[in-house]
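Residue numbers (the working numbering): 1 to 65.
Set out below in structure tokens:
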């Protein structure tokens, strides 16, 4: 049976009008985790009041050897 470990990455998306994410930094972080064997499974936008996105939560998994 395959076994996995999981990791979450919280990316701050706050801002005055809905926020912005530094695409370059976010992509570099994803590539770094990918080079370590982590596979991106899903991303979830976590909202704060009034529906604006506060965090982008990225969920990763990798097989345990």
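Every residue, glycine too, gets a C-beta built ideally from N, C-alpha and C.
If you compare alpha carbons, which of 3, 60, 36 and 2 is closest to residue 44?
-> Sequence index remark: in the chain shown, residue 44 carries index 44 (1-based). Here the closest residue by C-alpha is 60.
List the whole-angstrom C-beta distance separating residue 71 from residue 9, where the pair is believed to meet the contact cut-off of C-beta under 8 angstroms.
-> Beyond the ends of the chain as shown, which are 1 and 65, falls residue 71; an answer cannot be given.
Mind checking whether residue 4 and residue 56 have CB atoms under 8 angstroms apart?
-> Looking up residue 4 in the chain shown gives position 4. Looking up residue 56 in the chain shown gives position 56. Cβ atoms of residue 4 and residue 56: not closer than 8 angstroms.
As assigned by DSSP and simplified to three states, the class of residue 29 = The sequence position of residue 29 within the chain shown is 29, counting from 1. Residue 29 sits in a helix when the DSSP states are folded into three classes.
Using 10 angstroms around the beta-carbon of residue 13, count the other beta-carbons present and answer buried if the total reaches 16, otherwise exposed.
-> Here residue 13 corresponds to residue number 13 of the chain shown, with the count starting at 1. In summary, residue 13 is buried, with 16 or more beta-carbon neighbours lying within 10 Å of its beta-carbon over all protein chains present.
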